[in-house]
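Asker: One structure is given below, represented as structure tokens, and several questions about it will come after.
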Ligand SMILES: [Zn+2]
């Protein structure tokens, strides 16, 4: 059943649980939504299921499928140098670290450049899909992935309707999708009975002063532990594990790097037609500098790292859930 947000003067329908809530914009003292023009979007928080959502709510996938910018250029450079960078973030590491294997076959939805699939290949037969063609091309070249396709989950289940997987993962994807209920129905169609899902999403309740949470048009929904749990249980999953990333004070270096113009300078150099030897040297030196900051700052400020990490809400939520057997028959 497709949900649509029915606007009325006083109430608005929650895109997740379908209940009507009062049109009281979600406001929190000092909260800034990164990248959001609040004259175009209003942000609400459902008082029933706790999900945060934007009105209007539009799929951000189109933006991502057309973006061939930064990440692509950077990987072109790595490809030329014969490098195969390991970009694994919190959700990926949580999934792989658990030691437990959730079956034999894995589909990663929104696989991006493929670094997670490359790492997961040791334990699973991997398949990946991403709406961004360029990233799929890079994942083939850079990580030698063969079963990767430039498709959305809806297109994939249509084109490969006989294929089922033991695990479907979607890291940092759910928050971009305007209709999470339809999305999760498609995910279920790609799952074996009692199959697992592995997810990570940004935590909408993270401590504010680290990075501001992202709002629409990039992130059209915002998730807390409560809303993610509600959403998955409503859709026939049983939560097996849900973890909030610790406040990443050990990433102080990252926080600092983000505030320096390093990335802009790199992008400027990489946008040149031909890179001179000096340009390549500059990029490599900047990467070494970033590494020194990443490692050095947390070591210097370790007391802050330990105290901050135990008190503050971190920026991401990771979850493993299993499809209940009674929910298998819905399709
Ligand atoms: Zn709701």
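Residue numbers (our numbering): 8 to 338.
Beta carbons are placed, not taken as given, at the ideal position from N, Cα and C, and that holds for glycine.
So for residue 23, helix, strand or coil by DSSP?
Answerer: coil
Asker: Within the chosen definition, does the region 106-118 reach the region 84-95 through at least 3 CB pairs nearer than 8 Å?
Answerer: Too few Cβ pairs lie closer than 8 Å, so no.
Asker: Which runs of the beta strand (DSSP E), 3 residues or longer, sit entirely within the region 203-254?
Answerer: 244-253
Asker: Bridge partners for residue 112 per DSSP, in chain order?
Answerer: Answer is 132.
Asker: Return helix, strand or coil for residue 175, following the three-state DSSP convention.
Answerer: strand
Asker: If residue 132 and residue 111 are in contact, beta carbons under 8 Å, what's the gap, nearest whole angstrom?
Answerer: 6 Å
Asker: With 16 as the cutoff for other CB atoms within 10 Å, does residue 336 come out buried or exposed?
Answerer: The pLDDT assigned to residue 336 is 41, lower than 50, so where the model puts this residue is not dependable; a value taken from the coordinates is nonetheless given after this. Exposed.
Asker: Ligand 1: which residues have Cβ under 6 Å from any of its heavy atoms, chain order?
Answerer: 21, 23, 24, 26, 53, 55, 56 and 58
Asker: Where residue 332 and residue 238 are concerned, what is the direct C-alpha to C-alpha distance, given to the nearest angstrom?
Answerer: 17 Å
Asker: Using the Cβ count rule (16 or more neighbours within 10 Å means buried), how would you classify residue 146?
Answerer: buried
Asker: Apply the 10 Å Cβ neighbour rule to residue 306 and answer buried if 16 or more other Cβ atoms are within range, or exposed otherwise.
Answerer: exposed
Asker: Taking the alpha-carbon positions, what's the residue 223 to residue 33 distance?
Answerer: 14 Å
Asker: Can the beta-carbon of residue 206 be found less than 7 Å from the beta-carbon of residue 232?
Answerer: no
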